[in-house]
Each structure stands twice: as C-alpha cells, then as structure tokens.
Amino acid sequence: MGIRATDRRGRSGRILLIAMAGAWAPALEAQASGYQLREQSATAQGNAFAGAAAGGDDMSAMFFNPASMTQFTGDGAALHLSYIAPRVELDGAAASTVLGTPIAGNASDDNAAVTVLVPALYGMWQASEDWRVGLSVNVPFGLETDYSRDWVGRYQAVGSQVKTINVSPQVAWRATPWLSLGAGIQAQYIDATLSNAVDFGTIGRAAGISAAVPGSRSQDGFSEVQGDDWGYGYSLGAVAEPVDGTRIGLSYRSRVEHGLKGDAAFDLGSSGVGTALAAATGAFRDTGASAAVTTPASLSIGVRQRVSPEWTVMGGLEWTEWSVFDELRIEFDNAAQSDSVTREDWKDTWFASLGATYRPADSPWTFRAGVAYDQAPLDTGNRTPRIPDGDRYWLSAGASYQPTPWLSVTAAYTHLFVADAELDLGTSDTGSTFRGNLTGNYESSVDIVAVSARLLF
Numbered sequence: 002m003g004i005r006a007t008d009r010r011g012r013s014g015r016i017l018l019i020a021m022a023g024a025w026a027p028a029l030e031a032q033a034s035g036y037q038l039r040e041q042s043a044t045a046q047g048n049a050f051a052g053a054a055a056g057g058d059d060m061s062a063m064f065f066n067p068a069s070m071t072q073f074t075g076d077g078a079a080l081h082l083s084y085i086a087p088r089v090e091l092d093g094a095a096a097s098t099v100l101g102t103p104i105a106g107n108a109s110d111d112n113a114a115v116t117v118l119v120p121a122l123y124g125m126w127q128a129s130e131d132w133r134v135g136l137s138v139n140v141p142f143g144l145e146t147d148y149s150r151d152w153v154g155r156y157q158a159v160g161s162q163v164k165t166i167n168v169s170p171q172v173a174w175r176a177t178p179w180l181s182l183g184a185g186i187q188a189q190y191i192d193a194t195l196s197n198a199v200d201f202g203t204i205g206r207a208a209g210i211s212a213a214v215p216g217s218r219s220q221d222g223f224s225e226v227q228g229d230d231w232g233y234g235y236s237l238g239a240v241a242e243p244v245d246g247t248r249i250g251l252s253y254r255s256r257v258e259h260g261l262k263g264d265a266a267f268d269l270g271s272s273g274v275g276t277a278l279a280a281a282t283g284a285f286r287d288t289g290a291s292a293a294v295t296t297p298a299s300l301s302i303g304v305r306q307r308v309s310p311e312w313t314v315m316g317g318l319e320w321t322e323w324s325v326f327d328e329l330r331i332e333f334d335n336a337a338q339s340d341s342v343t344r345e346d347w348k349d350t351w352f353a354s355l356g357a358t359y360r361p362a363d364s365p366w367t368f369r370a371g372v373a374y375d376q377a378p379l380d381t382g383n384r385t386p387r388i389p390d391g392d393r394y395w396l397s398a399g400a401s402y403q404p405t406p407w408l409s410v411t412a413a414y415t416h417l418f419v420a421d422a423e424l425d426l427g428t429s430d431t432g433s434t435f436r437g438n439l440t441g442n443y444e445s446s447v448d449i450v451a452v453s454a455r456l457l458f
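Numbering (this note's numbering), first residue to last: 2 to 458.
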C-alpha cells in the first residue's frame with residue numbers, strides 16, 4: 002500500500018520539507034501521545050511544557066498560544082532544534098494466520114526506533130505598542146517505525162512514516178493592560194508512506210490455489226502506499242494577568258483535515274502465487290490511492306505564578322482530540338482492490354505538567370525543571386506495530402544564558418519513561434483477516450536534547 006503524488010502540489014510540498022529540515026526524518030511514534038511532536042521550544046521543554054499556554058521566556062511561546070507575543074518587545078527571530086533518541090524494544094512476538102498456521106520470522110527487535118533532529122523557526126515583528134505579528138514554522142506531527150521484512154508481524158506493518166510541516170502566520174493584540182488576544186492560520190503539509198508484506202500463501206489457499214502455503218515467507222508479496230496533501234486550520238489564544246505576577250493562558254488549535262492522494266505499488270514476489278492471484282482477481286496491481294487523515298484539535302490552559310523575584314512556578318493541562326482517529330482506510334482507484342482498513346478507535350487524551358523557573362539576581366543565567374504525565378490514546382486492544390504507544394512520564398531540566406540583551410541561548414534535557422505496551426491483534430479485527438494474529442511486548446524510553454538561540458534586532 003503506498004501513495005506517491007506527482008503533481009505540482011506534491012513537488013512544492015517536498016521542496017518546503019527540504020528547505021525546512023534538510024536531512025530531517027520524523028521521530029518514532031512521536032514524542033507526545035499518539036504521533037504528536039511537542040518539542041517546539043527548548044525553554045518550554047526545560048519546564049516539561051508546564052504553563053506553556055500562559056506564555057514563556059521567548060517568542061517560541063507563540064506555538065502554544067499566539068496571544069503570548071505581546072509579552073515581548075522588539076523584533077526578533079528564534080531557531081530551535083531537538084535531538085530525539087528513542088529506544089523501542091520488541092520482545093516475545095508471536096503470530097499465526099487465520100488458518101492457525103504459525104508465521105515464522107524474527108520475534109524480537111532491539112530497537113525499531115530512529116534517532117532524529119526536529120527543527121522549529123520563529124519570527125516576530127512589533128507593529129505597534131499593542132500589536133505583534135509572528136510567523137512560526139514547525140513539525141507538529143510525525144512518526145516512523147521500521148521493521149525487517151522477515152519479522153513475524155510483517156503482514157501488519159513493515160514501514161510507517163508520516164512527516165508534517167506547519168506554517169503559521171499569527172497576530173496578537175493587547176486589548177487591555179491585563180488581557181491579550183491572538184489568532185493564527187495553520188497551513189499544514191503532510192506526507193505519508195506505509196508498507197507491509199502480503200500473505201499470498203494464505204490468500205491463495207483461500208482462493209483455492211493448491212500450491213499456496215499459508216504464512217510462507219517464500220510466497221510473500223509486498224505493498225507500499227505513498228501520498229501527500231495540504232490542509233488548513235487555525236489557532237486562537239488569550240492571556241490574562243489579573244494581578245501582577247499571575248498569568249493565565251487559554252489556547253485552542255483546530256483539527257486539520259487532509260485528503261492524501263498518490264499511488265499504491267505491489268510486488269507480487271517470485272513464487273508465482275501472487276501473479277496467479279493478480280491474474281485471477283485483477284487485484285494487487287499498481288494503482289492510484291487515497292486516504293483521509295485528520296490531525297487532532299487541542300485545548301490548553303496554563304498558569305504561571307511569580308512567587309518571588311527569583312522564582313516562578315507553573316502548571317498546565319492540555320486536552321487532545323485523538324478520537325478523530327477511528328480508522329485508517331486506504332481506498333484504491335482499482336475497483337478490484339478492496340479498501341485497506343485498520344481499526345484505530347483512539348480516545349481523547351490529557352497532558353498534565355508542573356514546573357519551576359529560577360532566575361538568580363544579577364545573573365545572566367536562568368534554570369528550569371519540570372515533570373509531566375502524557376496519556377496514550379490507545380490500549381492493548383487497538384495498539385498496532387505502526388504506533389506502539391504507551392503512557393509517558395516526563396522529567397525535564399534546562400538552562401538559558403543571556404550574555405547580551407539581544408542574544409539568549411538555551412539548552413534542555415528530557416527523559417521519557419514510557420509504560421510497557423502489549424500487542425494483541427487478531428484476524429477478527431476489522432480488515433485483519435489476512436494480516437494474522439499477533440502478540441508481543443514493547444519496552445520503550447526516549448531521551449531528548451534541545452537547543453535554541455533567540456536574537457532581537
């Protein structure tokens with residue numbers, strides 16, 4: 002299964018991806034719940050993103066709330082980079098076909114994860130005393146999982162890759178001395194590639210081909226789908242400071258609906274079974290393909306409280322609308338090829354965080370720390386090898402150094418403790434008749450190092 006668009010829209014999107022990220026590749030199972038990437042600010046990461054909706058210490062806060070731009074004066078730009086090193090170990094995997102035949106192959110994987118670099122860019126212009134205009138370029142969603150073609154779950158998944166770029170012009174207005182409002186437009190590009198082996202042995206046996214051997218690696222085929230699309234959404238925000246030292250923020254990012262279009266390519270293998278099936282049914286031929294994907298809406302509230310000239314504490318709560326991901330359905334232009342359907346049934350999630358910032362008097366240094374709980378949108382019944390997600394617990398620390406009024410540099414480190422996750426997929430699941438039964442266990446963790454530089458002009 003795969004989608005490859007060759008029109009001008011697809012080419013322009015790929016050019017933007019290259020210009021934005023160079024050799025960037027998406028992170029395995031993203032580093033927030035689902036396939037969301039929260040790593041958009043080194044300063045916010047130092048606090049485990051606690052209170053991010055109430056603003057922060059530099060203009061990267063506009064990603065979390067466009068209204069936060071009124072907290073800063075002057076014109077400036079910021080560059081953020083996150084180095085994400087996940088580790089996902091699979092152990093004890095076992096699989097069988099719908100006919101009960103064991104599927105041979107690798108039952109473990111030392112690390113199905115990919116170490117990546119994720120960038121973010123910000124620019125802000127102070128149009129007047131009360132108005133700010135900003136632009137952010139981010140990678141808000143992404144995932145990559147990669148298994149060998151001979152592992153036992155190859156009919157469920159081999160490769161899964163999703164890349165996004167989000168370009169967002171924003172504006173903020175200080176409506177009163179204590180209230181700021183903001184809004185932004187999201188122009189979001191998405192590019193996706195999915196692949197898996199095809200069990201021609203089991204499909205052929207069901208079709209009455211006597212030479213077909215269920216679950217046989219020698220009779221496997223392969224499929225890949227690639228596609229891309231531009232989608233559009235918006236963001237809204239408000240920041241209030243009812244009393245000096247207390248700041249409360251509320252922000253909303255809309256869902257973005259995508260209709261990916263491209264191509265599906267099939268490798269029929271060398272055994273002859275796939276070729277016979279294609280000839281008899283008209284299926285398993287290269288064709289156009291499409292898929293609908295919606296990136297979720299989110300609603301965040303953040304609070305920052307200055308408790309002394311040196312200390313500020315903060316907390317945040319974010320809801321994400323992952324229930325929009327109820328199934329992954331790929332439709333093929335070839336009428337003989339039935340839809341590929343994977344049941345997802347994700348649930349909405351919560352992210353809760355607490356943090357503190359310490360600024361020593363008469364010092365160019367600022368120090369941060371934070372903790373967070375990040376709920377996974379799925380459980381054992383609907384977890385797939387493409388996104389083997391689990392609840393995450395964040396532990397973060399960071400520091401900034403400001404040698405001059407116009408320059409600040411920041412670094413942050415986070416370790417994510419990911420709850421152990423189980424696979425338990427069956428042939429009775431929607432669309433899984435010929436994917437096989439699959440069980441297994443994942444142990445995961447993630448290390449993230451972020452750096453950023455902020456310049457004022």
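The beta-carbon is built from N, C-alpha and C at its ideal position, and this holds for glycine as well. Please read all numbers here as calculations on a predicted model, not as lab measurements.
Identify, in the order they occur along the chain, each residue of the same chain with its Cβ nearer than 6 Å to the Cβ of residue i, setting aside the five sequence neighbours on each side.
i           : result
residue 13  : Bear in mind that the predicted position of residue 13 carries a pLDDT of just 37, short of 50, making it unreliable; the figure below should be weighed with that in mind. None.
residue 22  : Bear in mind that a pLDDT of 36 at residue 22, under 50, signals an unreliable position, so the number given afterwards is only what the model happens to contain. Excluding sequence neighbours, residue 22 sits near 120.
residue 425 : 381, 440
residue 450 : 84, 414
residue 445 : 89, 419
residue 377 : 34, 390, 391, 392
residue 303 : 52, 53, 54, 55, 250, 317
residue 245 : none
Alpha carbon to alpha carbon, how far is residue i from residue j?
i           : j           : result
residue 461 : residue 293 : Not covered by the structure: residue 461. The range shown for the chain is 2 to 458.
residue 123 : residue 186 : 14 Å
residue 90  : residue 346 : 24 Å
residue 443 : residue 433 : 21 Å
residue 94  : residue 438 : 10 Å
residue 409 : residue 456 : 7 Å
residue 1   : residue 333 : Because the chain is modelled from 2 through 458, residue 1 falls outside the range shown and cannot be assessed.
residue 188 : residue 234 : 7 Å
residue 156 : residue 431 : 14 Å
residue 388 : residue 374 : 19 Å
residue 503 : residue 361 : Outside the shown range of the chain, which is 2 to 458, sits residue 503, and nothing can be said about it.
residue 371 : residue 420 : 19 Å
residue 219 : residue 383 : 29 Å
residue 132 : residue 458 : 17 Å
residue 25  : residue 117 : Only weak support is given to the placement of residue 25: the predicted model assigns it a pLDDT of 38, under 50, and the value that follows is read from those uncertain coordinates. Those two C-alpha atoms are separated by around 7 Å.
residue 98  : residue 67  : 51 Å
residue 173 : residue 140 : 22 Å
residue 328 : residue 364 : 53 Å
residue 208 : residue 275 : 11 Å
residue 137 : residue 288 : 37 Å
residue 264 : residue 232 : 19 Å
residue 183 : residue 400 : 28 Å
residue 46  : residue 312 : 17 Å
Please report the residue range of the beta strand (DSSP E) in which residue i lies.
i           : result
residue 223 : 222-244
residue 124 : 117-127
residue 379 : It is not in any beta strand (DSSP E) - residue 379 carries neither H nor E in the DSSP assignment.
residue 282 : Looking at the DSSP string, residue 282 is not in any beta strand (DSSP E); the run it does join, the alpha helix (DSSP H), is 274-282.
residue 263 : 257-268
residue 395 : 393-405
residue 426 : 408-426
residue 443 : 438-457
residue 167 : 160-177
residue 87  : 77-97
With respect to the alpha helix (DSSP H) encompassing residue i, which residues constitute its N-terminal and C-terminal limits?
i           : result
residue 43  : 43-47
residue 209 : Per DSSP, residue 209 belongs to no alpha helix (DSSP H) and is neither H nor E.
residue 182 : First-last for residue 182: 180-199, but that is the beta strand (DSSP E), not the alpha helix (DSSP H).
residue 362 : Premise fails: residue 362 is in no alpha helix (DSSP H) and is neither H nor E.
To the nearest whole angstrom, what separates the beta carbons of residue i and residue j, a pair I think is in contact under 8 Å?
i           : j           : result
residue 61  : residue 42  : 4 Å
residue 229 : residue 260 : The Cβ separation is near 10 Å, so there is no contact.
residue 102 : residue 215 : 4 Å
residue 221 : residue 200 : 7 Å
residue 54  : residue 65  : 5 Å
residue 256 : residue 319 : The Cβ separation is near 15 Å, so there is no contact.
residue 56  : residue 307 : Contact doesn't hold; Cβ gap of about 12 Å is too wide.
residue 161 : residue 239 : Going by Cβ atoms, the distance from residue 161 to residue 239 rounds to 37 Å, so no, they are not a contact pair.
residue 412 : residue 452 : 5 Å
What I want to know is whether the C-beta of residue i ends up closer than 7 Å to one or more non-hydrogen atoms of the ligand SAM.
i           : result
residue 123 : In the structure shown, the ligand SAM is absent, as is every other ligand, since no ligand is present at all.
Please go through the same chain and pick out, in chain order, the residues whose beta-carbon is closer than 7 Å to the beta-carbon of residue i, but skip the five residues on each side of it.
i           : result
residue 159 : 148, 150, 196, 197, 198
residue 96  : 104, 153, 154, 437, 438, 439
residue 31  : Any reading at residue 31 must be qualified, since the residue scores a pLDDT of 48, below 50, and its modelled position is unreliable; no value is offered.
residue 127 : 74, 75, 76, 133
residue 286 : 267, 279, 335
Only counting the same chain, and skipping five residues up and downstream in sequence, which positions put a Cβ closer than 8 Å to that of residue i?
i           : result
residue 179 : 241, 242, 243
* the region 271-289 / the region 329-348 touching (three or more Cβ pairs under 8 Å) -> Put simply, the region 271-289 touches the region 329-348. At least three CB pairs are less than 8 Å apart.
Per the contact definition of three or more C-beta pairs closer than 8 Å, is the region 160-180 in contact with the region 201-212?
Not touching, per the Cβ criterion.
- Message: Pairs of beta-carbons, one from the region 295-314 and one from the region 352-368, closer than 8 Å: are there three or more?
- Response: With a cut-off of 8 Å on Cβ pairs, the region 295-314 is in contact with the region 352-368, counting three or more such pairs.
- Message: I want to know whether the region 416-425 touches the region 399-407 - three or more CB-CB distances under 8 Å.
- Response: The region 416-425 vs the region 399-407: no contact.
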